[in-house]
Amino acid sequence: MKTDDLIAALSADNATRGAPLSRAFAVALGLGMAASVVFFFATLGVRDTFFASLGQPRFLFKFVFSLTMAASGLFLAWRLSRPGAVAGPAAKTLLLAPALVALASLAEMATTPATLWPARMIGHNALHCLILIPLMALAPLLGLFAALRHGAPSDGRRAGAAAALAASGLSATLYAMNCPDDSPFFLAVWYMIAAALVVALGWLAGGRWLRW
Amino acid sequence: MRAALAGDSLAYKRLLSALAPFLRGVCAKFCARIGAPASEVEDAVQETLLALHLKRHTWDPAQPLTPWIAAIARNKTIDAARRRGRRVETDIADFEDVLAAPDGADAFERELDRRDALRLLDQLSARQREAIEAVSIRGQSLRDAAQALGVSEGALRVSVHRGLKSLADLYRLKSQ
Chain A
518 MKTDDLIAAL SADNATRGAP LSRAFAVALG LGMAASVVFF FATLGVRDTF
568 FASLGQPRFL FKFVFSLTMA ASGLFLAWRL SRPGAVAGPA AKTLLLAPAL
618 VALASLAEMA TTPATLWPAR MIGHNALHCL ILIPLMALAP LLGLFAALRH
668 GAPSDGRRAG AAAALAASGL SATLYAMNCP DDSPFFLAVW YMIAAALVVA
718 LGWLAGGRWL RW
Chain B
30 MRAALAGDSL AYKRLLSALA PFLRGVCAKF CARIGAPASE VEDAVQETLL
80 ALHLKRHTWD PAQPLTPWIA AIARNKTIDA ARRRGRRVET DIADFEDVLA
130 APDGADAFER ELDRRDALRL LDQLSARQRE AIEAVSIRGQ SLRDAAQALG
180 VSEGALRVSV HRGLKSLADL YRLKSQ
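Listed in order, the protein sequences are those of chains A and B. Mapped onto this note's numbering, the consecutive letters of the first sequence carry residue numbers 518 to 729. Mapped onto this note's numbering, the consecutive letters of the second sequence carry residue numbers 30 to 205.
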């Protein structure tokens, strides 16, 4: 086939065009998140003290942390979804969630006696956290991968990792409603390890499935 | 590109035709550097045009067009290099330079232009290949081609689009 013939075929196909990326992202997040929310309320549900805890800064900080993680990952994945896009300021927002949890940990050190620190860091059920956050991240991650495949990320691994960070932030937000541990120490260790596992998965999967 | 996205197929055809020599320049330079034979150049050009077409919804009209095209060309030439089992790192600046300052089409380029690429066409299903050949090689409009093949215009449009998608998939499989 000659190049001119291909061009003729391409312009004949001009009427058929992909949906805008914003719609792909919205659908992906909506469906992926819906699946995880259904799973969460069907199997875990909010913890008994959920409503009583709504006034406690430690409890509320968990959501500030997880939503910051989700937002920065999503922002970066969105930026990286087009060819030739530069991450720019989106890459810097990645530091936001770890910085927040570091500051909160300092505050925790200042306000609680050192004898309590190890118990707060180890928490009640770290394994639960390490399993459930990655598990509930799968559906939003799948959705975001579908959206990224509709796009055309120049670097699949980085885009995949960013999507995974967004998915684990969303998943951590759900999990935090059930998790009995509110200390920033617990977040700094177990939530971060759980997110790192998902990000590693996203990086590997992105290199394989986000090629176009 | 804006007119093309608004549905102006003629403007789209003009844009792609104007881009082809630039892309050929980029791909020729790149293939020479990785030691690929000139026969691969036209493959890479066509693969880039295909990707550009199938991913054109990812261009943000608020952004300049050149870096977007350069990124696609880079991605596709790396794929072409992978097919030869080579790992290459390229700088996006190489692509933008060539896109920004094309030199005229010399005899070498015209020679490349005459080469056949997309030999993968033979691997498509009969219906898809027929559809693509009808609207391209015989240069018929969608309506005329549909009449000649005895199918509806809508069905032909779907076949053409699926055929182009399959071609891009075949290229990708080859480079994995």
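Virtual Cβ for every residue (Gly too), placed ideally from N, Cα, C.
| Asked | Found |
| --- | --- |
| Show which residues of chain B have a CB atom less than 9 Å away from the CB atom of L538(A). | H86, T87, D89 |
| Using a C-beta cutoff of 8 Å, does Y200(B) count as contacting chain A? | no |
| Measure the Cβ-Cβ separation of M586(A) and G660(A) and say whether it is below 8 Å. | no |
| So, is the C-beta of L523(A) closer than 8 Å to a C-beta in chain B? | yes |
| Going along the segment 59-77 of chain B in order, which residues come within less than 9 Å of chain A, judged by CB to CB distance? | E71, V74, Q75 |
| Going by CA-CA distance only, name the one from R675(A), M550(A), W707(A), W729(A) that's closest to L196(B). | W729(A) |
| Specify, as a first and last residue, the run of the alpha helix (DSSP H) that R85(B) falls within. | Where R85(B) is concerned, there is no enclosing alpha helix (DSSP H), given that its DSSP letter is neither H nor E. |
| Which bits of chain B does P606(A) rub up against, with CB to CB less than 7 Å? | Within chain B, no residue comes near P606(A); the closest Cβ sits about 15 Å away, beyond 7 Å. |
| Return the CA-CA distance between R191(B) and R156(B), expressed in angstroms with no decimal places. | 10 Å |
| Go ahead and label R725(A) buried or exposed: buried means 16 or more other beta carbons lie within 10 angstroms of its beta carbon, across all protein chains shown. | exposed |
| Report the rounded CA-to-CA distance for G668(A) versus I107(B), giving the unit in angstroms. | 18 Å |
| Does A624(A) come within less than 8 Å of chain B when only Cβ atoms are used? | no |
| Which same chain residues, not among the five before or five after P66(B), have their C-beta less than 8 Å away from its C-beta? | C60 |
| What distance in whole Å lies between the Cβ atoms of V554(A) and L691(A), which are believed to be in contact at a cut-off of 8 Å? | 7 Å |
| Tell me the residue span of the alpha helix (DSSP H) that contains W720(A). | 709-726 |
| To which residues of the same chain is E76(B) closer than 8 Å at the C-beta, ignoring the five residues directly before and after it? | K105, D108, A109, A197, Y200 |
| So G535(A) contacts chain B; which residues on that side make the cut at Cβ distance below 9 Å? | L83, K84, R85, H86, T87 |
| Determine the DSSP secondary structure at R534(A), reduced to helix, strand or coil. | coil |
| Give the list of continuous alpha helix (DSSP H) stretches no shorter than 4 residues that lie fully inside the segment 584-650 of chain A. | 606-609, 613-628, 634-639 |
| With a 10 Å radius around its C-beta and 16 neighbouring C-beta atoms as the bar for buried, classify G673(A) as buried or exposed. | buried |
| Are the beta-carbon atoms of E182(B) and R172(B) separated by less than 8 Å? | yes |
| Please tell me whether L150(B) has its Cβ less than 8 Å away from any Cβ of chain A. | yes |
| Is the shortest distance between the beta-carbon of S749(A) and the beta-carbons of chain B less than 8 Å? | There is simply no residue 749(A) to check, as chain A begins at 518 and stops at 729 in what is shown. |
| Quick one: using the 10 Å Cβ neighbour count with 16 as the cut-off for buried, is R13(B) buried or exposed? | Coverage of chain B is limited to positions 30 through 205, which leaves residue 13(B) absent and any answer about it impossible. |
| Since A599(A) meets chain B, which of its residues come closer than 9 Å, beta carbon to beta carbon? | Ala is not the amino acid found at residue 599(A); the sequence shown has Arg there. Simply K84, T87, W88, D89, Q92, W97, A100. |
| What did DSSP end up calling K58(B) once you bin it into helix, strand or coil? | helix |
| With distances taken Cα to Cα, identify the nearest neighbour of A684(A) among F558(A), A619(A), L584(A), V618(A). | L584(A) |
| How many Å lie between G562(A) and F582(A) at the Cα? | 20 Å |
| Tell me whether D672(A) sits in a helix, a strand or coil according to DSSP, three-state version. | coil |
| Check whether the segment 593-610 of chain A touches the segment 89-101 of chain B, taking contact to mean three or more Cβ pairs, one atom from each stretch, closer than 8 Å. | yes |
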